[in-house]
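Peer 1: Pasting in a structure now, in structure tokens, and then I'll have a few things to ask.
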Amino acid sequence: MDPQPAVDMFSDDNEAERAERTSLLNELDGLVDSALFSRGLWACLRVADLGPLRRIVESARRNPVTVPGLDYSLQESNLLRHWMQRTRESSQATSTSTTPPQPSTPTRQGVSDLPTTLLKRRRDTREKPQSNLCRERDRNRCVITKSGEPVEVAHIFPFAMRGLQTEEARSQFYSPWKILKTF
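Residue numbers for the sequence shown follow the working numbering, beginning at 74 and rising by one.
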């Protein structure tokens, strides 16, 4: 049986772009003298757009603290924890009790017994304020094509990051949104 082919994350890159990306990452690795940084940073660098990746490499040529600074900023922003929806702090305490631990979130027992209209209404009311905020922020235009109505609103980031959309959250020094713009 043939093994499954590897998924190519950069199938949109042409051959020249792939070669440039590889060259830039190799150069960056050389600039930091193969120092070890977080896997999260290298993952962000690997999927970064070529323009920002070029700027990061150029900055690293001039300033040796560029990459350690990016790594620190990425860790302080908790971007990866938010993106992976692992935002709750885990307890460091150990228990000697034989009682099985209770789930940290209530289970949804009997959900199948609820009428589907009630479930739909609950979902709609949860998403409606978010949709309205998105429409207001984007001035009722598609963020990609800039076309007007009709516009569908979709979450293109994890639901766990919904609280990071406030002006206060976005203005924080280590805002995950600011860090994302770097890449």
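The beta-carbon is built from N, C-alpha and C at its ideal position, and this holds for glycine as well.
These numbers come from a predicted model, not from an experiment.
Can you give me the C-alpha to C-alpha distance between V226 and N136, rounded to a whole angstrom?
Peer 2: Along the sequence shown, read from residue 1 onward, the residue named residue 226 stands at position 153. Along the sequence shown, read from residue 1 onward, the residue named residue 136 stands at position 63. Whole-angstrom Cα-Cα distance: 41 Å.
Peer 1: From W250 to R212, what distance separates their C-alpha atoms?
Peer 2: Taking the sequence shown and counting its residues from 1, one reaches residue 250 at position 177. Taking the sequence shown and counting its residues from 1, one reaches residue 212 at position 139. Roughly 20 Å between the two C-alpha positions.
Peer 1: L101 and V138 - do their beta-carbons sit closer together than 8 Å?
Peer 2: Your numbering for residue 138 matches position 65 in the sequence shown. Your numbering for residue 101 matches position 28 in the sequence shown. No, Cβ-Cβ distance for V138 and L101 is not below 8 Å.
Peer 1: For the alpha helix (DSSP H) containing T218, list its first residue and its last residue.
Peer 2: Mapped onto the sequence shown, residue 218 falls at position 145. T218 -> no alpha helix (DSSP H), and no H or E assigned at all.
Peer 1: Whole angstroms is fine: what's the gap from E131's alpha carbon to K201's?
Peer 2: Residue mapping note: residue 131 aligns to position 58 of the sequence shown, counting from 1. Residue mapping note: residue 201 aligns to position 128 of the sequence shown, counting from 1. Approximately 43 Å between the Cα atoms of the pair.
Peer 1: Please confirm if R154 has its CB atom under 8 Å from at least one CB of chain B.
Peer 2: Here chain B cannot be found, since the structure has a single protein chain.
Peer 1: Pick helix, strand or coil for Q203, following the three-state DSSP scheme.
Peer 2: Mapped onto the sequence shown, residue 203 falls at position 130. Three-state result, Q203: helix.
Peer 1: For C207, which residues from the same chain have a beta carbon less than 6 Å from its beta carbon, with the 5 sequence-adjacent residues on both sides left out?
Peer 2: Within the sequence shown, numbered from 1, the residue matching residue 207 stands at position 134. For C207, where only same-chain residues beyond five positions count, the Cβ hits under 6 Å are V226.
Peer 1: Please work out which residues of its chain come closer than 7 Å, Cβ to Cβ, to A92, disregarding the five sequence neighbours upstream and downstream, and give them in chain order.
Peer 2: Numbered from 1 along the sequence shown, position 19 holds the residue referred to as residue 92. Counting only Cβ-Cβ distances below 7 Å, and skipping sequence neighbours, we find nothing.
Peer 1: Just how far apart, CA to CA, sit E88 and I129?
Peer 2: The residue you call residue 88 lines up with position 15 of the sequence shown. The residue you call residue 129 lines up with position 56 of the sequence shown. In a straight line, the C-alpha of E88 is about 21 Å away from that of I129.
Peer 1: Would you mind reading off the limits of the alpha helix (DSSP H) that contains V120?
Peer 2: Looking up residue 120 in the sequence shown gives position 47. First-last of the alpha helix (DSSP H) with V120: 112-120.
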